[in-house]
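In full-length UniProt numbering, the protein residues as written are 1 to 451. All C-beta atoms, glycine included, are put in the ideal place defined by N, C-alpha and C. To keep things clear, I will list the structure first and then write my remarks on it.
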C-alpha cells in the first residue's frame, strides 16, 4: 500500500467556469470505522458508498488480516462478515497502512487490547508521524510496544492478555487519539473513560452506539466532554450508507467560489456539527453557499451544497474552530488567496504533524505562486486580492491535501500551477481529476501542455 511509485506531476490552469452537479466520495472517517466496527461485530455488516481510497482499502486489509471477511459486490456494496470482539486472529505478516494516519492509529487501538502481536509499517510520510499520542495510553492499558525512536513506524505491539480500562484526558484535540482509546476500551473489562477538553468529530461515539455499545456522554464542571464506554459488549452488525466526505467536498466548494461564473451543486455531504467549520468560515468570508435538502441518515445529518462564485473578504478564523476543520486549512488558504485583505488562521499547531508539516507546506506553496503569507509556529496569515499569480511548482511531500489544494489554486490563478506529484491524491480522493474535468476544469499531466 505504500506510495513508492515515480512522482506524477499534475497541472491546472484557469479557463471555463465550473458548472454541474456532483457527488464527492464517501466520508473517509466513517468509511474506516464502518470496516473496523463491522469486523468487531458478530454477523454481516453492509456498507454502501464506501470510500475506495488507498487509505480505506488499507484498513480493509488490516481487518482481513485478523480474520474478517470483506468483499465488494457487483452493485458497489461492501459486506463485512465480522469475527466478534475478543476473537481477533494474530496477523501472519506486517500491516502496511501506506499513508493512512487514521487507519493505523485506530487499528492500534483495536489490536492493543487483544492478546495478539502485530507490526505496523507505512510510507515515508506516515513513518515520520508521531504515534506516541496513541501508544502511550495503550501502554497504560497493558500493551507492549517496540517502536522506532520517537514512537514512529515501524512499530510492533502485543496486546495485554487482559487489558486494563483507564481514564484518559486527551492532551490535544484529536479524534484519532480519543477513538483509539475508546476502541482499545472495547475489549477491556469495566469502564473506559475519555475526557476531551475540546470537542472533536464524534463519529466513533455515534457509530459505536449504533453497533450496540454502551457509551455515554456528559459534561463535567469544567465544560469538558466526558465519554464513558462499558467494555466487552456484543456488537451487532449494521447497514451503513456512507455520506459524502466534507473534507473532500472542500475542494470543489472552494474552486466554485474562486473561479468566476461558477455554479456547482455538491450532493449528499455529511453535515456533522464537528465537520462543518470550513463551510461556516467560507460563509463568513462572503461565500455564496446554500445548504439545501437537509436530511438524516444513520444518525448523521447530510445535505446538498449549492455554491456560486463569490467576492470573498479576509477574516480572522477563531482558533477554537480548528478541530472541526483541521484537514481543510490547506484549501482554506487557497480561498484566502482570492479574498480581499488578510485572512488570519491561529491555532494550527496540529498541522505540523499531519501527512506532512502542512503549515510549512502551505506557506511554501503560496510563496512559490506569488501569494504573500506569514507563517509562525501555529498561525498562518494570507494576504489575498486579485493578484493570485500562480506559475509555481508545489512540493506535496506525499500529502494528498497539499496536492489537491494547490490544483484548486491553478483553476483560478493568472498562471498555471503544477504539483510535483498528483498520484498521492488517490489516498483520499481517487476520482478527483475526473470529477473536476466533468465540471469543466483544465487539468493536465504535462506541464508544458497546460502552460
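Which class does residue 435 belong to by DSSP, given the choice of helix, strand or coil?
For residue 435, the secondary structure class from DSSP, reduced to helix, strand or coil, is helix.
In the DSSP assignment, the beta strand (DSSP E) including residue 76 goes from what residue to what residue?
Careful: residue 76 lies outside any beta strand (DSSP E) and carries neither H nor E.
Using a threshold of 9 Å, state whether the C-beta atoms of residue 345 and residue 14 are closer than that.
no
Could you spell out the range, first to last residue, of the beta strand (DSSP E) harbouring residue 230?
In the DSSP assignment, residue 230 falls within the beta strand (DSSP E) that extends over 225–230.
Any 3 or more C-beta pairs closer than 8 Å across the region 194–206 and the region 272–279
yes
Just to confirm, is the Cβ distance from residue 141 to residue 163 under 9 Å?
yes
Do three or more CB pairs link the region 204–222 to the region 160–174 at distances below 8 Å?
no
On a CA-only basis, which of 65, 43, 97, 46 is nearest residue 53? Give me that one, please.
97
Under a three-way DSSP split, which group does residue 136 fall into?
helix
Return the Cβ separation of residue 136 and residue 122 in integer angstroms, given the expectation that the two are a contact with Cβ distance under 8 Å.
Between residue 122 and residue 136 the Cβ distance is about 19 Å, and since that is not below 8 Å, they are no contact.
Roughly how far, in whole angstroms, is the beta-carbon of residue 180 from the beta-carbon of residue 109, given that I think they are within contact range, below 8 Å?
3 Å
Proximity of residue 40 and residue 359 at Cβ, strictly below 9 Å:
No, the Cβ-Cβ distance between residue 40 and residue 359 is not below 9 Å.
Are residue 129 and residue 375 close, meaning C-beta to C-beta below 9 Å?
no
What residue range is occupied by the uninterrupted alpha helix (DSSP H) comprising residue 55?
If you look at residue 55, you'll find it in the alpha helix (DSSP H) that goes 54–65.
From the DSSP output, which residues share a beta bridge with residue 343?
382
Quick one: does residue 235 have its CB under 9 Å from some CB of chain B?
The question asks about chain B, but that chain is absent: this structure has only one protein chain.
Helix, strand or coil for residue 10 per DSSP?
Reduced to three states, the DSSP call for residue 10 is strand.
Locate the alpha helix (DSSP H) running through residue 253, then write down its first and last residues.
246–258
Cutoff 7 Å; reference residue 286; Cβ partners in own chain excluding five residues on either side:
The answer, listed in chain order, is 310, 311, 312, 313.
Among all the DSSP beta bridges, which residues are the ones paired with residue 27?
Partner(s): none; residue 27 has no beta bridge.
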